[in-house]
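Below is one structure; the comments refer to it alone.
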Amino acid sequence: MDVLRRRIIDVRRADHARNSLFDDLVQKLDDMQKTMDRNAFIMVLIDGDCMLFLDELVKKGIAGGDEAAKLLRKAVFDYMRYDDNFKHDHKIVIRVYANLRGLSHAYAEKGILKTTSVFTDFVLGFNKAHPLCDFIDAGNHKEAADSKLKDNLNLYVYNAHCKHIIFGASADNGFASFLGSFLIDTEILSRIILLKGLPFATEFASILPKLRSTEFTNIFRGEALADVSMPRNHGRRSIGFDQAREKESQLSGHNDFTLPWRSKPAARFGAIDAPGNETTVTGTWYTTISPEGGNHLPRGENDGDMDSQHESPSRLDFPNSTLSSTSGARPSRSEIEAALIDSTTRRLNQSSRGLDFGHVKHDVELALRLTPDFWGKSEEDEWFLRSKDIIKRAVEAWVKRTGNPPPGNATWIRQNPVFARTLPSPAIPDSSQAHRPVDEDTQTPDTRLHLLIPNNSVGKILRNANNQRIDLPEGLAVHPSTLNGIRDRNKRLCNSHYLTNNCLKNDCDYDHNSRLNDGEYAALLYLSRTQPCPQGSACNTLLCVKGHMCPNGMICKYGGACKFAHLHGIDTAVVA
1 MDVLRRRIID VRRADHARNS LFDDLVQKLD DMQKTMDRNA FIMVLIDGDC MLFLDELVKK
61 GIAGGDEAAK LLRKAVFDYM RYDDNFKHDH KIVIRVYANL RGLSHAYAEK GILKTTSVFT
121 DFVLGFNKAH PLCDFIDAGN HKEAADSKLK DNLNLYVYNA HCKHIIFGAS ADNGFASFLG
181 SFLIDTEILS RIILLKGLPF ATEFASILPK LRSTEFTNIF RGEALADVSM PRNHGRRSIG
241 FDQAREKESQ LSGHNDFTLP WRSKPAARFG AIDAPGNETT VTGTWYTTIS PEGGNHLPRG
301 ENDGDMDSQH ESPSRLDFPN STLSSTSGAR PSRSEIEAAL IDSTTRRLNQ SSRGLDFGHV
361 KHDVELALRL TPDFWGKSEE DEWFLRSKDI IKRAVEAWVK RTGNPPPGNA TWIRQNPVFA
421 RTLPSPAIPD SSQAHRPVDE DTQTPDTRLH LLIPNNSVGK ILRNANNQRI DLPEGLAVHP
481 STLNGIRDRN KRLCNSHYLT NNCLKNDCDY DHNSRLNDGE YAALLYLSRT QPCPQGSACN
541 TLLCVKGHMC PNGMICKYGG ACKFAHLHGI DTAVVA
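For the sequence shown, position 101 matches number 101 in UniProt numbering, and the numbering has no gaps at all.
What follows is the structure, encoded as structure tokens:
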């Protein structure tokens with residue numbers, strides 16, 4: 001018996017030692033995770049020789065450099081804040097490598113800058129804007145910037161503290177094969193994001209479908225440096241620009257760079273000055289506007305549905321022939337009005353969550369070669385109020401044509417009692433419906449989901465003609481600050497408790513005690529739907545709050561890297 005007793009004591013001691021070892025390991029893992037999260041950052045690597053900042057920024061010298069750095073930091077933050085793994089305290093590190101001497105001379109030789117010192121001041125302003133913003137001179141030897149960018153990418157792509165790398169070198173074929181070497185690792189694949197400035201070079205075609213990409217058109221040029229001293233009808237094309245556009249055409253499958261601008265100038269603009277006159281141009285997207293202020297809706301062979309033929313571009317591009325009636329002449333009022341309306345319509349087709357008037361104007365500046373000061377700074381300037389009025393009427397026309405709710409910042413529409421009567425119902429009803437009585441026929445628990453789905457859909461699993469489950473509403477009206485507020489809570493909210501009032505875990509570690517408003521409930525549902533349901537489209541759980549389709553739909557920024565990529569083209573028409 002004594003022998004057995006000693007063995008039991010030995011086993012207990014061994015168990016205690018093993019448990020202590022496990023506890024130590026768990027504590028070390030927790031400490032490592034906290035250290036990694038504390039020093040997490042987003043790395044932005046840019047080839048300054050082919051990612052060119054907008055002329056209006058460079059011309060401002062020190063002030064322009066400061067503005068460019070701050071705009072870039074804001075653009076990166078705005079892009080990343082919708083990422084599930086992004087946290088508010090992640091640092092943003094920006095490094096731009098370029099041949100500063102060569103680049104400054106290029107700006108001066110093209111007539112964009114009067115002296116090279118202005119570009120030197122721009123770089124100085126960029127570097128002073130933030131401690132983590134660096135515009136670095138890579139030297140003037142061949143491939144100087146390339147080698148630095150490649151070594152930096154190699155260094156940070158395997159750094160556990162580096163959560164994402166935004167890589168900008170779209171016009172350089174040399175980076176395509178280098179980036180391709182990382183594509184075999186799916187974990188690395190999800191962390192690299194391509195930034196577009198000039199059109200993507202040909203060899204990027206093989207990697208573009210596998211990586212996320214974005215562009216910041218309010219910061220970087222979309223075309224190479226052009227000689228501003230040349231006449232307008234020739235100066236818009238620049239050295240290397242035609243070749244770059246040809247490369248992008250090969251990637252997109254289009255042979256016409258001005259798609260969908262295929263109409264002749266007379267056909268496109270001829271109807272504008274004639275009140276009530278509309279001209280049908282088959283397969284061409286155009287807009288007319290009458291002098292009395294009435295809107296003629298965009299038309300085409302698919303009833304104005306541009307997305308049925310072409311992908312919505314992020315900026316306008318007009319053929320030279322529409323602008324070359326007189327060398328160096330300013331575009332006519334009709335051309336400017338049409339360009340504003342067309343840009344507004346395209347951006348709303350891309351994403352209707354919000355519309356930045358500044359981005360619309362910038363599209364028109366690029367298309368018609370206008371300077372930013374064209375719009376003026378006060379009500380005394382002709383186009384200061386006129387441009388806003390045209391954009392607003394274009395938004396109203398788009399809402400009437402599509403039946404979609406207006407952008408979130410289109411407050412003038414909802415405040416107009418006459419126009420508001422014709423608006424579609426908002427995706428999120430007001431809080432007065434929060435405690436609506438349960439319909440016994442549907443046997444649906446009293447959940448906050450009543451606030452988030454159409455009244456006629458409560459208690460039903462909605463499916464399309466292919467028997468795939470459809471999540472409604474397709475696009476939740478969620479304010480970015482509300483979304484960040486939900487993400488940044490010290491204690492995560494319990495999706496099951498707040499959205500279905502039906503948490504089945506007795507020892508649930510998540511928050512059950514907060515009071516949320518309607519916007520916070522919508523944000524919580526949006527975040528919940530970013531996690532794919534294990535049962536996929538075949539799910540039959542009535543109150544499942546996981547995602548059965550991409551919450552961002554066809555405008556998803558993740559492309560082929562999205563968890564729901566195979567469902568991006570899903571038919572969202574619900575069948576009875």
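Don't be surprised by glycine CBs; every beta carbon is placed ideally from N, CA and C.
Asked: Of all the options E382, A224, H164, G102, which has the alpha carbon lying nearest to the alpha carbon of R212?; Found: H164
Asked: Would you kindly work out how many angstroms separate the C-alpha atoms of N552 and L195, rounded to a whole number?; Found: 20 Å
Asked: Please determine, among V574, R38, F216, the residue with the shortest C-alpha to C-alpha distance to H161.; Found: R38
Asked: Rounding to the nearest angstrom, what Cα-Cα distance links L542 and A129 in this structure?; Found: 52 Å
Asked: List, from N- to C-terminal side, the beta strand (DSSP E) runs of 3 residues or more that fit wholly inside the region 124-163.; Found: 133-137
Asked: Between residue 647 and S177, is the Cβ-Cβ spacing less than 9 Å?; Found: This structure cannot settle anything about residue 647, because the visible part of the chain is limited to 1 through 576.
Asked: Determine contact between the region 77-90 and the region 112-121, defined as no fewer than three beta-carbon pairs at a distance below 8 Å.; Found: no
Asked: Would N154 and E203 be called neighbours here (beta carbons separated by less than 9 Å)?; Found: no
Asked: Is E365 near P372, with beta carbons less than 9 Å apart?; Found: yes
Asked: Can you tell me whether T482 is buried or exposed, with buried defined as 16 or more other CB within 10 angstroms of its CB?; Found: buried
Asked: By Cβ distance below 8 Å, which residues in the same chain neighbour A98 in space, the five residues on each side in sequence not counted?; Found: D47, G48, D49, F135, I136, D137, A138, A145
Asked: Excluding the 5 residues flanking residue 578 on each side, which residues of the same chain have their C-beta closer than 7 Å to its C-beta?; Found: Absent from the structure is residue 578, since the part of the chain shown begins at 1 and ends at 576.
Asked: Note the first and the last residue of the continuous beta strand (DSSP E) segment covering L194.; Found: 192-196
Asked: Taking buried to mean at least 16 other C-beta atoms within 10 Å of its own C-beta, is I184 buried or exposed?; Found: exposed
Asked: So L483 is in the alpha helix (DSSP H); what residue range does that whole segment cover?; Found: 480-487
Asked: What residues are listed by DSSP as bridge partners for G547?; Found: P532
Asked: What does a CB cutoff of less than 8 Å around V76 pick up in its chain, not counting 5 residues either side in sequence?; Found: I42, V44, I92, I94, I166
Asked: Taking S213 as part of the beta strand (DSSP E), name the residues at either end of that continuous run.; Found: 212-215
Asked: Looking only at its chain, what residues have a beta carbon closer than 8 Å to the beta carbon of F357, apart from the 5 residues adjacent to it on each side?; Found: S387, K388, I391
Asked: What residue does the alpha helix (DSSP H) around F374 start on, and which one ends it?; Found: Where F374 is concerned, there is no enclosing alpha helix (DSSP H), given that its DSSP letter is neither H nor E.
Asked: Rounded to whole angstroms, what is the Cα-Cα separation between G547 and E56?; Found: 43 Å
Asked: Note down, one range per segment and in chain order, each alpha helix (DSSP H) of at least 4 residues found wholly within the region 31-96.; Found: 55-58, 62-80
Asked: Using beta-carbon positions only, say whether N210 and G560 come within less than 9 Å of one another.; Found: Going by the sequence as given, residue 210 is Lys instead of Asn. It is a contact, given that the beta carbons lie within the stated cut-off.
Asked: Among the candidates R487, D488, Y510, whose CA atom is the shortest distance from the CA of H497?; Found: Y510
Asked: Cα separation between F564 and F200?; Found: 25 Å
Asked: According to the neighbour-count rule (16 or more other Cβ atoms, all chains shown, within 10 Å of its Cβ), is D15 buried or exposed?; Found: exposed
Asked: Based on the DSSP output, what are the partners of I219 in its beta bridges?; Found: Its beta-bridge partners do not exist; DSSP assigns none.
Asked: Can you give me the start and stop residues for the alpha helix (DSSP H) that R101 sits inside?; Found: 100-109
Asked: Taking only the alpha-carbon atoms, compute the straight-line gap between N533 and E223 and give it to the nearest angstrom.; Found: Before going on, a small fix: residue 533 reads as Cys here, not Asn. C-alpha separation (whole angstroms): 42 Å.
Asked: List the DSSP bridge partners of D511.; Found: L493
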